[in-house]
Amino acid sequence: MKTYTIKKKVSGTGSIYDIASEHYDRVIKFRKGEIFALIEPSYFSDGYTAACSEQAIIKKYRKSDYGIIINCDGNQYVVCNDGLERIE
Numbered sequence: 006m007k008t009y010t011i012k013k014k015v016s017g018t019g020s021i022y023d024i025a026s027e028h029y030d031r032v033i034k035f036r037k038g039e040i041f042a043l044i045e046p047s048y049f050s051d052g053y054t055a056a057c058s059e060q061a062i063i064k065k066y067r068k069s070d071y072g073i074i075i076n077c078d079g080n081q082y083v084v085c086n087d088g089l090e091r092i093e
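Now the structure itself:
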């Protein structure tokens, strides 16, 4: 199982849509074959969901109210048409 840790942010910084919590580090666990995760903002939930393919995570993203897509190395992505585009 691969994990990625989102480090705790300084209290009072950022916005309510940040995926980093001001209370603790968030650990995202990727099971075998999972590459991407849709992470809910920490203000609303500590939840996330992982998927094995671009198309699967895009489908989950379109069904959600809000979230940030990352891969197992922590790179962030945005949905662009029917694919993912990495944010530099």
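Here the sequence shown is numbered in our numbering, starting from 6 and rising by one per residue. Just so you know, even glycine gets a beta-carbon here, dropped at the ideal spot from N, CA and C.
My understanding is that residue i touches residue j, with C-beta atoms under 8 angstroms, so please give their C-beta distance in whole angstroms.
{"i": "A42", "j": "A55", "result": "4 angstroms"}
{"i": "I73", "j": "I40", "result": "With 8 angstroms as the limit, I73 and I40 do not qualify as a contact, their Cβ atoms being about 15 angstroms apart."}
{"i": "C57", "j": "G38", "result": "5 angstroms"}
Ends of the beta strand (DSSP E) at residue i?
{"i": "A42", "result": "F41 to I44"}
{"i": "R67", "result": "First-last for R67: E59 to K68, but that is the alpha helix (DSSP H), not the beta strand (DSSP E)."}
{"i": "Y48", "result": "No beta strand (DSSP E) holds Y48; DSSP gives it neither H nor E."}
{"i": "E90", "result": "G88 to R91"}
{"i": "R36", "result": "Segment: none, R36 is in no beta strand (DSSP E) and carries neither H nor E."}
{"i": "I75", "result": "I73 to N76"}
{"i": "I11", "result": "K7 to I11"}
Inspect the beta-carbon positions of residue i and residue j and report whether they are closer than 8 angstroms.
{"i": "S47", "j": "R31", "result": "yes"}
{"i": "I63", "j": "V83", "result": "no"}
{"i": "K12", "j": "E27", "result": "no"}
{"i": "Y22", "j": "Y53", "result": "no"}
{"i": "T8", "j": "F35", "result": "yes"}
{"i": "N80", "j": "R91", "result": "yes"}
Look up residue i in the DSSP assignment and give the residues it is bridged to.
{"i": "G17", "result": "DSSP lists no partner for G17."}
{"i": "A56", "result": "F41"}
{"i": "Y82", "result": "I74 and R91"}
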